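To keep things clear, I will list the structure first and then write my remarks on it.
Residue numbers (the working numbering): 52 to 561.
Below you can see the structure in the form of structure tokens.
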């Protein structure tokens, strides 16, 4: 297929977008059907790349419909797998708009409207976090892992400014070196450890702080570990607290953690990738009163609880972007021209990269379209649904097939539970065989494709919990009826497995 003549580009785009509107809306309509699979069976696909002429409009829509038919169906209310769900319709429009503009948000003049929107949205989020008005600011990154990594890199270079130029070997050669150490909950996201690797800190210098029985960081243990590290000649500099852990959804006790950080001059970062919107928008004192304002930096992922399309993550900085520019900037003169009459300074030099999508546009459009009250209702609904579902699990009557047990009370929007087959008995405490049963049930349930759920395990002071089902409640389309149908599907899957092999759940089966 020949390239489109320049005078016909708009006409071609119009033709494609009109057809895209029909195909995409039909896909969403069919995906929302109660009988639509969540995990479709993938038949043989033609993934070849044309050597000469492309297939053009005559064949591309067949390809697009094939991709839609083979994709995991996040539009289904039975997609209960990870911490995100389907985007909002205006989110899809926002994603298309970002692609249409094809602006690069590293330099102001390359994306002036993107820079202005990013600045405005970052300050609005910082204000909700009760960071200092007029000082705090935020930048988008492609996912919470990158936001967390940037927070750690800035903290590292603020605490050890010599590393920016001489690195670890230079500092060690001068004999001035103490081991940089970071502290994070045993239940924190693995991106903190990944960031430590990228920053040259090393996994041996990531101190895992135990949790309490609810999965929250034990602040007393944190204080003891920090003081022990200091006594041993280490240099603690960074503490990561989590607002909404990945498995239990726990919120670390930020007031107590902040006190430890203040006493020892440590950077406090809050990873609110999952639960951050609860702290920003909830009217529940448990979350709305969460003192994020005591942190130096905060990660929030609007592509999770706020329904913005993947990916959209904000790193909010209490003291603005100046520490980021100082810690990470190189002032590349071929990109960043100081003294240009821009409304805002270029932000690319405050990051570890160069090219940046103006992803803040997606959140800004959704916020303008729905208003703040929508996000308040959305997070309240997610929390209420988690409590309702936990009650459904704990009160669901046992059957001949088995009984239900909560693994933990829901700390925010994650509900963790077991279905215990009758063959495993009625033990007062969780048994390892419950984990085996959960993995077997989950694997079969997901293979059937009508529901997509996940499992996990955690360590608590009383010991490791056997593998359990973990359902994050995010999508506003999920109802109590949806969740009741999931419980029924698990029971039906147990029956099907038992019909195939009456001993499939036996604890002593080899």
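Ideal Cβ positions, reconstructed from N, Cα and C, are used throughout, including at glycine. From a predicted model like this one, the values you see are computed outputs, not experimental measurements.
Identity of the residues DSSP links to residue 189 by a beta bridge: 367
Alpha-carbon spacing of residue 249 relative to residue 197, whole angstroms: 11 Å
Contact belief for residue 189 with residue 366 at Cβ below 8 Å, rounded distance in angstroms: 6 Å
Close Cβ partners of residue 480 (< 6 Å) along its chain, the five nearest in sequence each way excluded: none
Start and end residues, beta strand (DSSP E) containing residue 568: Nothing about residue 568 can be reported from this structure: the residues present for the chain run from 52 to 561 only.
Neighbourhood of residue 466 by C-beta distance below 6 Å, restricted to the same chain and skipping five residues each side: 437, 440, 441, 522
Three-state class that DSSP yields for residue 200 in the structure shown: helix
Contact belief for residue 454 with residue 488 at Cβ below 8 Å, rounded distance in angstroms: Contact doesn't hold; Cβ gap of about 12 Å is too wide.
Boundaries of the beta strand (DSSP E) in which residue 523 is found, first to last residue: 519–523
Beta-carbon separation (whole angstroms), residue 458 vs residue 516, contact threshold 8 Å: 6 Å
Coarse secondary structure for residue 221, derived from DSSP in three states: helix
Whole-angstrom distance between residue 342 and residue 327, CA atom to CA atom: 11 Å
Selection from 474, 303, 526, 520 that minimises the alpha carbon distance to residue 552: 474
Spatial neighbours of residue 263 in its chain, beta-carbon cut-off 6 Å, leaving aside the 5 residues before and after: 269
Residue nearest to residue 345 in terms of C-alpha spacing, selected from 260, 309, 325: 309
Same chain only: Cβ atoms within 8 Å of residue 311, ignoring 5 sequence neighbours per side: 270, 273, 274, 277, 290, 317
Coil, strand or helix - residue 310 by DSSP: helix
Spatially closest choice to residue 423 from 531, 357, 255, 230, by CA coordinates: 357
Host beta strand (DSSP E) of residue 351 (start-end): 348–351
Limits of the unbroken beta strand (DSSP E) element including residue 323: 318–323
Contact set for residue 281: own chain, Cβ-Cβ below 8 Å, skip 5 residues either direction: 287, 315
Exposure of residue 225, with buried meaning 16 or more beta-carbon neighbours within 10 Å: exposed
Inter-stretch contact (C-beta, 8 Å, three-pair minimum) for the segment 154–169 and the segment 540–554: no
Reference residue 497; option with closest CA among 469, 511, 537, 435: 537
Rounded separation between residue 492 and residue 245 - CA only: 31 Å
CB-CB length for residue 329 against residue 434, believed under 8 Å: 7 Å
Segment contact flag, the segment 497–513 with the segment 415–422, C-beta cutoff 8 Å, min 3 pairs: no
Cβ separation of residue 503 and residue 89, assumed to be a contact under 8 Å, to the nearest whole Å: 4 Å
Local Cβ density within 10 Å of residue 116, reported as buried at 16 or more and exposed below that: exposed
Per-residue DSSP class, three states only, for residue 456: strand
Residue interval of the alpha helix (DSSP H) (run including residue 359): It is not in any alpha helix (DSSP H) - residue 359 carries neither H nor E in the DSSP assignment.
Straight-line Cα distance separating residue 261 from residue 85: 42 Å
Closest residue to residue 370 among 177, 545, 130 (Cα-Cα distance): 177
Through-space distance from residue 305 to residue 529, alpha-carbon basis: 31 Å
Coarse secondary structure for residue 291, derived from DSSP in three states: strand
Pair within 8 Å by beta-carbon distance, residue 121 and residue 98: no
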